[in-house]
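Enquirer: Those sequence lines, one after another, are chains A and B.
Read left to right, the first sequence gives residues 39 to 148 (the working numbering).
Read left to right, the second sequence gives residues 159 to 270 (the working numbering).
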Amino acid sequence: QKEVEQNSGPLSVPEGAIASLNCTYSDRGSQSFFWYRQYSGKSPELIMFIYSNGDKEDGRFTAQLNKASQYVSLLIRDSQPSDSATYLCAGVRSNYKLTFGKGTLLTVNP
Amino acid sequence: DVKVTQSSRYLVKRTGEKVFLECVQDMDHENMFWYRQDPGLGLRLIYFSYDVKMKEKGDIPEGYSVSREKKERFSLILESASTNQTSMYLCASSTGLQETQYFGPGTRLLVL
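Given below as structure tokens:
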């Protein structure tokens with residue numbers, strides 16, 4: 039099993055809809071998780087980080103962490119065309135190395 | 159604002175050349191990282207450094223070395239470039255190993 043796996047996508051949603059991005063991880067010792075957004079040809083930029091079980095909200099974005107199920111998700115409410123990008127899930131493993139999923143390409147259609 | 163800069167956006171080198179990629183951060187971060195990003199393989203950690211002169215192998219260190227002589231600067235060295243090292247190279251820095259990593263703009267390296 040890969041260290042961090044994301045639903046492969048691509049994912050396409052209409053403008054104004056909720057986009058749901060999911061990620062599972064294999065290292066039970068992982069403590070910190072991050073969602074990055076990467077536009078084509080650009081470097082990753084942080085959207086949210088989450089360390090504790092439960093939900094964390096920041097504007098239109100909600101990250102969810104379930105350590106028992108080893109599951110991390112990102113919800114984007116009221117999706118906008120500017121949200122169209124590749125979303126990368128990442129977790130810090132027990133050896134302190136950050137591992138990224140391969141990313142999910144999201145397209146928000148006007 | 160955290161700023162991470164990389165010496166080149168694009169680089170073309172020949173097989174067998176020694177290649178230096180430089181990264182500088184201005185936020186006094188302890189930790190610096192080098193990744194490569196390839197289609198279908200995602201971002202993979204090459205090396206990281208948690209202090210000046212300290213380094214640790216990432217997941218794919220073969221064919222690479224690093225140098226961190228000053229806190230703000232982390233160099234990635236390809237001792238003898240090969241075509242399979244053609245990739246996007248991304249540098250990042252963070253305050254702690256469990257903390258957010260901030261990325262530079264990337265260097266797209268083509269080895270001919």
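Here a beta-carbon is modelled for each residue, glycine too, at the ideal position from N, C-alpha and C.
1) In the DSSP assignment, what are the bridge partners of B/Asp-184?
2) In its own chain, which residues sit with a C-beta less than 6 Å from the C-beta of A/Gln-102, not counting the 5 before and 5 after it?
3) Taking Cβ to Cβ, would you say B/Gly-200 is nearer than 8 Å to A/Gly-139?
4) Which residues does DSSP pair with B/Asp-196 in a beta bridge?
5) Please list the partners that A/Gly-139 has in chain B, where partner means a Cβ-to-Cβ separation under 7 Å.
6) From what residue to what residue does the beta strand (DSSP E) around A/Ser-132 run?
7) Below 8 Å between beta carbons: does that hold for B/Thr-265 and B/Leu-203?
8) Give a yes or no on whether the minimum CB-CB distance between B/Gln-183 and chain A is below 8 Å.
9) So that I know if they touch, is there some Cβ in chain A lying closer than 8 Å to that of B/Leu-255?
10) If the cut is a Cβ gap below 7 Å, which residues of chain B does A/Phe-72 touch?
11) Measuring only the C-alpha atoms, how far is B/Arg-226 from B/Phe-191?
12) Check the DSSP bridge columns for B/Ala-250 and list the partner residues they point to.
13) Identify each residue in the region 96-128 of chain A for which the Cβ-Cβ distance to at least one residue of chain B is less than 9 Å, and report them in chain order.
14) Taking the Cβ atom as the reference point for each residue, do B/Ser-238 and B/Val-224 lie within a distance shorter than 8 Å?
Expert: Looking at the coordinates:
1) Per DSSP, B/Asp-184 has no beta-bridge partner at all.
2) Cβ contact annotation for A/Gln-102 (same chain, cutoff 6 Å, sequence separation greater than five): Asp-93, Ser-111, in chain order.
3) B/Gly-200 places its beta carbon less than 8 Å from that of A/Gly-139.
4) Partner(s): B/Gly-200.
5) Residues of chain B whose Cβ lies closer than 7 Å to the Cβ of A/Gly-139 are, in chain order, Gly-200.
6) Per DSSP, A/Ser-132 belongs to no beta strand (DSSP E) and is neither H nor E.
7) In terms of Cβ geometry, B/Thr-265 and B/Leu-203 do not form a close pair [threshold 8 Å].
8) Not one chain A Cβ lies under 8 Å of B/Gln-183.
9) Answer yes: the Cβ-Cβ gap between B/Leu-255 and chain A drops below 8 Å somewhere.
10) When 7 Å is used as the limit between beta carbons, A/Phe-72 is near these residues of chain B: Thr-258, in chain order.
11) Rounded to the nearest angstrom, the two C-alpha atoms are 11 Å apart.
12) B/Ala-250 is bridged to B/Phe-191, B/Phe-261.
13) Residues are counted here when their Cβ sits less than 9 Å from a Cβ of chain B; for the region 96-128 of chain A these are Leu-126, Ala-128, given in chain order.
14) Taking 8 Å as the Cβ cut-off, B/Ser-238 and B/Val-224 do not qualify as a contacting pair.
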